[in-house]
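Encoded as structure tokens, the structure appears first; notes follow it.
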Amino acid sequence: MKLVCSSSSFLLVFFLPVCFAAHGRFAQKLLNDLFSNYTNALRPVEDTDHIINVTMQITLSQIIDMDERNQILTTYLWVRQVWMDAFLTWKKEDYDGLDAIRIPSSRVWRPDIVLYNSADDQFSSSMETNVVLRNDGEVMWDQPAITKSSCAVDVAFFPFDLQQCVLTFGSWTHSGNQMDLFSASDNADLSSIVPNVEWEVLGMPSKKNVILYGCCSDPYPDLSFTLHLKRRASFYIFNLLIPCMMISFLAPLGFYLPADSGEKVSLGVTVLLALTVFQLLVAESMPPSESVPLIGKYYIATMTMVTASTALTIFIMNIHHCGPEAHPVPEWAKRFILNHLARICFVHEVGENFLGGASSQKKHLSQEEAEATSASGGNSRGINWDVNGRAGGRANQDGVGQAWKEDLLVSITHAEEDGAVGAGGEGGAEDNRREILVKTQCLCQHQGLRKSVEYIANSYQDQRVAQVRIGEWRKVAKVMDRFFMWLFFIMVFFMSILILGKAI
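For reference, each letter of the sequence shown is one residue, going -21 to -1, 1 to 483 in mature numbering (1 follows the signal peptide of the UniProt record, and there is no 0).
What follows is the structure in structure tokens.
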């Protein structure tokens, strides 16, 4: 038993190189016999009216680059072409059962199939590889190629866009009457694709087209492979979209800043400049076309909103800083803004009833000031006050009547006048005159004090009226600030929901 195994091993080791050597000799003989009268310049058909059928199969290996600005797609493909060569057939029994050989592709006739929509400026992206010849005349040529093809990029929904790039293959010189094209399958092979970080491949279906060009009357067939791509938007969401949303939410907060801080307009201008920088980043990567990308529309809408908020902030600050010379707040503004809109926007002053409007104390003071103003007719000098601050026109304890005459208080003692007249003496008249002069002189000394008190009272009253007027205008500005703040918050929220809804 050991002797039989040893003999078999010896024969296997001895005859194996002999078999390879025999195949090598037959392959060399086959090559010499096949190409002794062969030319690769003509179509390999026995009859010139026959059509060569070329079957193509595309395997997508990798998406190298998608240049949206120049609209060029760079891919790495494996292209397989299979056709029948009538002059490259043999009987494998004559060559020791050899049924296939591999030779350089430059020695056989090859179909002049090119990429119609190629954007490569060198046309040398293909690689010279061997072809496989079979005994029945089948020629199979597997060729790797890096192709650059033009692709119409639609960035209307960037960064949530879908792209369709077509790769069209066809013969450059042979018409459909000389060479016909067929696809090995309805779709390109995607089993060996290398995942791309930016694009997701959805499919690559194939389609045969027969086109009649204006230069020629013969039909020209071609194969179109449509590459369906979906952009992976995570990079753009975290680097362009979310920062823009965060900056956009700062714009309504400018209305919440106090008007006396002096930073309301500065915040709006800073937000506008930040959005402009992001807009420039998006514009640099997009092709210059009429189709504005979705994120660009979002930036433009946000910048418009920030510009409007800055303009409204300037207007509201002008209202807030209204001085004493400003006109009173109109009645419609008091009813609509100070009453209804203030409750809706949750704006109330300290000590003010939130649901009932102004406090009773403020209403009472305002009512007293209004009554005092109406009673004086706009001039407090018409009110009669004595030097002690009491109203005039009353009788003293001695029954002496006091009356104002041309802003002078004159005291007349009727009993003394009657006594003077009845006596007819001059001494009584002198005593009465002396008394009147003394009283008049005393009242004239207090007249300056009375005018000073009236001036102070008028100034205080005017100041109170001006303060009430300024307070009303400031409250109007505060209510408008809160209203526009909530309005712009709602606008930013819905704009963000709309743009994020495109990603779902």
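In this text, a Cβ means the ideal position worked out from N, Cα and C, and glycines have one as well. Predicted, not measured: the structure shown is a model, and the values here were computed from it.
**Q.** Boundaries of the alpha helix (DSSP H) in which Val87 is found, first to last residue
**A.** Position 108 of the sequence shown holds residue 87. No alpha helix (DSSP H) contains Val87, which DSSP labels as neither H nor E.
Q) alpha helix (DSSP H) containing Thr286: first to last residue? A) Counting from 1 along the sequence shown, the entry for residue 286 is found at position 307. Segment 273 to 299, the alpha helix (DSSP H) holding Thr286.
**Q.** Whole-angstrom distance between Leu52 and Pro184, CA atom to CA atom
**A.** Within the sequence shown, residue 184 is the residue found at index 205, counting from 1. Within the sequence shown, residue 52 is the residue found at index 73, counting from 1. Between Pro184 and Leu52, the C-alpha separation is close to 17 Å.
Q | Segment limits, beta strand (DSSP E) that includes Cys144 | A | Sequence index remark: in the sequence shown, residue 144 carries index 165 (1-based). Cys144 -> beta strand (DSSP E) spans 141 to 150.
Q: Would you check if there are 3 or more beta carbon pairs closer than 8 Å linking the segment 131 to 144 to the segment 268 to 284?
A: Segments in contact, yes.
**Q.** Proximity to Ala287 [Cα-Cα], best of Phe234, Met265, Ser270, Ala79
**A.** Here residue 287 refers to the residue found at position 308 when the sequence shown is read from its first residue. Here the closest residue by C-alpha is Phe234.
(Q) Can you tell me whether Ser431 is buried or exposed? The criterion is at least 16 other CB atoms within 10 Å of its CB, across all chains shown. (A) On the sequence shown, residue 431 is found 452 positions in, with the first residue counted as 1. Exposed, because fewer than 16 other Cβ atoms sit within 10 Å of the Cβ of Ser431.
Q. Name the DSSP bridge partner or partners of Phe204?
A. Here residue 204 refers to the residue found at position 225 when the sequence shown is read from its first residue. The partner list for Phe204 (beta bridge, DSSP) reads Leu146, Ser185.
Q) By how many angstroms is the C-alpha of Arg48 removed from the C-alpha of Glu177? A) The count along the sequence shown starts at 1 and reaches residue 177 at position 198. The count along the sequence shown starts at 1 and reaches residue 48 at position 69. If you take the alpha carbons of Glu177 and Arg48, they lie about 15 Å apart.
Q | Alpha carbon of Leu251 to alpha carbon of Val285, nearest angstrom | A | Your numbering for residue 251 matches position 272 in the sequence shown. Your numbering for residue 285 matches position 306 in the sequence shown. Cα to Cα, Leu251 sits roughly 6 Å from Val285.
Q | Close Cβ partners of Met459 (< 6 Å) along its chain, the five nearest in sequence each way excluded | A | Against the sequence shown, residue 459 aligns to sequence position 480. Counting only Cβ-Cβ distances below 6 Å, and skipping sequence neighbours, we find Ile295.
Q: Output the boundary residues of the alpha helix (DSSP H) element that contains Thr249.
A: The residue you call residue 249 lines up with position 270 of the sequence shown. Start and end: 243 to 264.
Q) Taking buried to mean at least 16 other C-beta atoms within 10 Å of its own C-beta, is His299 buried or exposed? A) Looking up residue 299 in the sequence shown gives position 320. By the 10 Å Cβ count, His299 comes out buried.
Q. Should Cys223 go down as buried or exposed, given a rule of 16 or more other Cβ atoms within 10 Å for buried?
A. The residue you call residue 223 lines up with position 244 of the sequence shown. So Cys223 ends up on the buried side.
Q.
Taking a contact to mean a Cβ-Cβ separation below 8 Å, would you say Phe204 touches Thr34 in this structure?
A. Here residue 204 corresponds to residue number 225 of the sequence shown, with the count starting at 1. Here residue 34 corresponds to residue number 55 of the sequence shown, with the count starting at 1. In this structure, Thr34 does not lie closer than 8 Å to Phe204 by Cβ.
Q: Please look up how many angstroms separate the CB atoms of Asn109 and Arg89, rounded, as I've assumed it's under 8 Å.
A: For the purposes of this step, residue 109 is taken as residue 130 along the sequence shown, with counting starting at 1. For the purposes of this step, residue 89 is taken as residue 110 along the sequence shown, with counting starting at 1. No, Asn109 and Arg89 are not in contact; Cβ-Cβ is about 12 Å, not under 8 Å.
Q: Report the three-state DSSP secondary structure of Glu72 (helix, strand or coil).
A: Mapped onto the sequence shown, residue 72 falls at position 93. Glu72: helix per DSSP, three-state reduction.
Q.
Just to confirm the assignment: which complete alpha helix (DSSP H) runs, minimum length 4, are found wholly within the segment 205 to 235?
A. 221 to 227, 229 to 232
**Q.** Helix, strand or coil at Asn318 according to DSSP, with G and I counted as helix
**A.** Start at 1 with the first residue of the sequence shown, and residue 318 comes out as number 339. Helix at Asn318.
Q. Taking Cβ positions, are Pro23 and Asp64 nearer each other than 8 Å?
A. Taking the sequence shown and counting its residues from 1, the one referred to as residue 23 is at position 44. Taking the sequence shown and counting its residues from 1, the one referred to as residue 64 is at position 85. Yes, Cβ-Cβ distance for Pro23 and Asp64 is below 8 Å.
Q) Quick one: what's got a C-beta closer than 7 Å to Ser129's C-beta in the same chain, skipping five residues either side? A) Working through the sequence shown from its first residue, we reach residue 129 at position 150. Taken in chain order, the residues that qualify are Gln50, Ile51, Asn96, Ala98.
Q.
Looking at the secondary structure, which residues open and close the beta strand (DSSP E) in which Asn156 lies?
A. In the sequence shown, counting from the first residue as 1, residue 156 sits at position 177. No beta strand (DSSP E) contains Asn156, which DSSP labels as neither H nor E.
Q) Hey, Asp121 and Trp57 are a contact pair by Cβ (cut 8 Å); roughly how many whole angstroms apart? A) As a position in the sequence shown, residue 121 is number 142, starting the count at 1. As a position in the sequence shown, residue 57 is number 78, starting the count at 1. Rounded to whole angstroms, the Cβ separation of Asp121 and Trp57 is 7 Å, and the two are in contact under 8 Å.
Q.
Distance check for Ile226 and Val471, CA to CA, integer angstroms please.
A. Walking along the sequence shown from the start, residue 471 turns up at place 492. Walking along the sequence shown from the start, residue 226 turns up at place 247. Their Cα atoms are separated by approximately 10 Å.
Q | Cys324 burial status per 10 Å Cβ neighbour count (16 or more: buried) | A | The sequence position of residue 324 within the sequence shown is 345, counting from 1. Cys324 should be labelled buried.
Q: Taking all protein chains shown into account, decide if Ala321 is buried (16 or more other Cβ within 10 angstroms of its Cβ) or exposed.
A: Locating residue 321 in the sequence shown gives position 342, counting from the first residue. Residue environment analysis places Ala321 among the buried positions, since at least 16 neighbouring C-beta atoms fall within 10 angstroms of its C-beta.
Q. On the three-pair Cβ rule with 8 Å, is the segment 305 to 318 touching the segment 440 to 455?
A. yes
Q: Report, in whole angstroms, the separation of the C-beta atoms of Leu67 and Leu112, which I expect to be a contact under 8 Å.
A: For the purposes of this step, residue 67 is identified with residue 88 of the sequence shown, where counting begins at 1. For the purposes of this step, residue 112 is identified with residue 133 of the sequence shown, where counting begins at 1. Confirmed, Cβ separation roughly 6 Å.
Q: Return the first residue and the last residue of the beta strand (DSSP E) that Lys313 is part of.
A: Residue 313 sits at position 334 when you count from the first residue of the sequence shown. Where Lys313 is concerned, there is no enclosing beta strand (DSSP E), given that its DSSP letter is neither H nor E.
**Q.** Under 8 Å between C-beta atoms of Arg86 and Asn19
**A.** The count along the sequence shown starts at 1 and reaches residue 86 at position 107. The count along the sequence shown starts at 1 and reaches residue 19 at position 40. A contact, by the Cβ cut-off of 8 Å.
Q.
What does the Cβ neighbour count give for Phe467, buried or exposed, with the cut at 16 atoms within 10 Å?
A. Looking up residue 467 in the sequence shown gives position 488. By the neighbour-count rule (16 or more Cβ atoms within 10 Å), Phe467 is buried.
Q. DSSP puts Ile80 in a beta bridge; with which residues?
A. Counting from one through the sequence shown, the residue named residue 80 turns up at place 101. Leu112.
Q.
Counting C-beta neighbours from all protein chains within 10 Å, is the total for Val173 16 or more, i.e. buried, or is it exposed?
A. By 1-based counting over the sequence shown, the position of residue 173 is 194. Its Cβ having fewer than 16 others within 10 Å, Val173 is exposed.
(Q) Can you look up Leu10 in the DSSP assignment and give me helix, strand or coil? (A) Position 31 of the sequence shown holds residue 10. Helix, per DSSP.
Q: Could you please give the first and the last residue of the uninterrupted beta strand (DSSP E) stretch that includes Thr34?
A: Against the sequence shown, residue 34 aligns to sequence position 55. Thr34 -> beta strand (DSSP E) spans 31 to 46.
Q) Shortest alpha-carbon distance to His207 belongs to which of Leu13, Cys144, Leu169, Pro231? A) Within the sequence shown, the letter at position 228 stands for residue 207. Checked all of Leu13, Cys144, Leu169, Pro231; the closest Cα to His207 is Cys144.
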